[in-house]
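Enquirer: Numbers given in the UniProt record's numbering equal positions in the sequence shown, counted from 1, plus 5.
Cβ atoms here follow ideal geometry from the backbone N, Cα and C, with glycine treated the same way.
Sharing a structure below in structure tokens format, with a few things to ask.
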Amino acid sequence: ETRLYLVPTPIGNLEDITLRAIRVLKEVDTVLAEDTRTSGKLLQHLGIDKRMHSHHLHNEHKAVAHLIERLGKGEKMALVSDAGTPGISDPGFLLVRECLRHNIKFECLPGPTAFVPALLKSGFSAERFTFEGFLPQKKGRQTRLQQLATEERTMIFYESPHRLLKTLTQFSEYLGPERQVSVSRELTKFFEETITGTLTEVLAAFEQKAIKGEFVIVVEGTDK
Ligand code: SAM
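Printed below as a string of structure tokens:
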């Protein structure tokens, strides 16, 4: 019998939640949330009143053993993150690994995640792509950028607003200013916008405006 469900939640537009996700959130005993306030609002919006526990990257290691014990005793839980799919640049991986190790049945519901619409909106090849998530901030960053310079597949990155320009500038340095890039911001939200062009063009576009919101960067692979 399934004990744990990984449940994707909207990345902006509250309509982006599946019927199955709503049913599962209603049926479980406990909702494990990255931020109980953020997810509490979503549950309230859905008319669901449920016991919540916080489960974030900082306590994931410590918390997992305790959660496995409770799941083992029969408690049913849903893991949600602040937005999108748990386990994608969000907590979830450790819990899944321990469920596998302890033979605890879990299911992963398909649903919203930011990188898929960003990839498709770029118009770059979606036949083969690599999800890179957040670049390392310090250690390993240069090495990663050097490796990616010769990557032939489309590359997808998550980035925070205050590092967007730095990252685009480094892409220009390491991959060349002529490389095609597509930046999507505020996907599914009111100010959704996608800017696509060479790194030089896209950098110029962003240097002219206030950089606000959430961003996905998609870079075309090299053709050499
Ligand atoms: N679990 C999420 C998913 O499935 O996409 C990702 C969580 S990660 C901590 C947050 C990052 O996802 C943001 O910094 C941004 O790069 C990206 N992101 C999330 N929602 C977004 C949106 N509505 N528009 C653009 N990017 C978004």
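Specify, as a first and last residue, the run of the beta strand (DSSP E) that Ser189 falls within.
Expert: Looking at the DSSP string, the run of the beta strand (DSSP E) that includes Ser189 is 185-190.
Enquirer: According to the neighbour-count rule (16 or more other Cβ atoms, all chains shown, within 10 Å of its Cβ), is Ile6 buried or exposed?
Expert: Reading off the sequence shown, one finds Glu at residue 6, where the question assumed Ile. Result: exposed.
Enquirer: Between the alpha carbons of Gly226 and Thr159, how many angstroms are there, rounded?
Expert: Approximately 5 Å, taken between the alpha carbons.
Enquirer: At a cut-off of 7 Å, would you count Ile93 as near the ligand SAM, judging by its Cβ distance to the nearest heavy atom?
Expert: At least one heavy atom of the ligand SAM is nearer than 7 Å to the Cβ of Ile93, so yes.
Enquirer: Under 7 Å: does the beta carbon of Glu164 sit that close to some heavy atom of the ligand SAM?
Expert: Checking every heavy atom of the ligand SAM against the Cβ of Glu164, one is found closer than 7 Å.
Enquirer: At a cut of 8 Å, does the stretch 57-64 reach the stretch 109-121 through at least three beta carbon pairs?
Expert: Short answer: they don't touch.
Enquirer: If we count the other Cβ atoms within 10 Å of its Cβ and call it buried at 16 or more, is Asp34 buried or exposed?
Expert: It counts as exposed.
Enquirer: Spatial neighbours of Phe162 within its chain, please: C-beta separation below 8 Å, excluding the five flanking residues on both sides.
Expert: Glu137, Gly138, Phe139, Leu140, Thr172, Val221, Ile222, Val223, Val224, listed in sequence order.
Enquirer: Touch check for the stretch 145-160 and the stretch 46-57: three-plus C-beta pairs under 8 Å?
Expert: No: the two stretches stay apart, fewer than three of their Cβ pairs being nearer than 8 Å.
Enquirer: Among residues of its own chain, excluding the 5 on either side of Thr135, which ones have a beta-carbon nearer than 6 Å to its beta-carbon?
Expert: Closer than 6 Å at Cβ, skipping near neighbours: Arg158, Met160.
Enquirer: Between which residues of its own chain and Leu208 is the CB-CB distance below 6 Å, once the five residues before and five after are set aside?
Expert: Closer than 6 Å at Cβ, skipping near neighbours: Leu173.
Enquirer: In chain order, what residues of the same chain have a beta carbon less than 6 Å from the beta carbon of Tyr179, not counting five sequence neighbours either side?
Expert: The answer, listed in chain order, is Leu150, Ala154.
Enquirer: Quick check: does the Cβ of Val186 come within less than 7 Å of any heavy atom belonging to the ligand SAM?
Expert: Val186: no, Cβ never under 7 Å from the ligand SAM.
Enquirer: Taking only the alpha-carbon atoms, compute the straight-line gap between Phe98 and Val29 and give it to the nearest angstrom.
Expert: So the alpha carbons of these two residues sit roughly 20 Å apart.
Enquirer: For Lys143 and Lys78, what's the separation of their Cα atoms in angstroms?
Expert: The alpha-carbon atoms of Lys143 and Lys78 are separated by roughly 42 Å.
Enquirer: Just to confirm, does Ser44 get its C-beta within under 7 Å of one of the non-hydrogen atoms of the ligand SAM?
Expert: Ser44 Cβ: outside cutoff for every heavy atom of the ligand SAM.
Enquirer: In the DSSP assignment, find the unbroken alpha helix (DSSP H) run with Leu100 in it and report its ends.
Expert: Taken as a continuous stretch (DSSP letters only), the alpha helix (DSSP H) holding Leu100 covers 98-106.
Enquirer: Three-state secondary structure (DSSP) at Ser127?
Expert: Three-state result, Ser127: helix.
Enquirer: With distance defined between alpha-carbon atoms, name the residue in Gly17, Leu9, Ile27 nearest to Glu190.
Expert: First, the residue type needs correcting, since residue 190 is Arg and not Glu in the sequence shown. The shortest Cα separation from Arg190 among Gly17, Leu9, Ile27 belongs to Gly17.
Enquirer: I'd like to confirm something about Lys194: is its beta-carbon nearer than 7 Å to some heavy atom of the ligand SAM, or not?
Expert: Answer for Lys194: yes, Cβ within range of the ligand SAM.
Enquirer: Would you say Ala88 touches the ligand SAM, meaning its beta carbon is less than 7 Å from a heavy atom?
Expert: Result yes, Cβ under 7 Å from the ligand SAM.
Enquirer: At which residues does the beta strand (DSSP E) containing Gly226 begin and terminate?
Expert: Run containing Gly226: none; DSSP gives neither H nor E here.
Enquirer: For the alpha helix (DSSP H) that contains Ser94, what are its first and last residues?
Expert: Counting along the chain, Ser94 falls outside any alpha helix (DSSP H), and DSSP gives it neither H nor E.
Enquirer: Between Thr203 and Gln175, is the Cβ-Cβ spacing less than 8 Å?
Expert: For Thr203 and Gln175, no; Cβs fall outside 8 Å.
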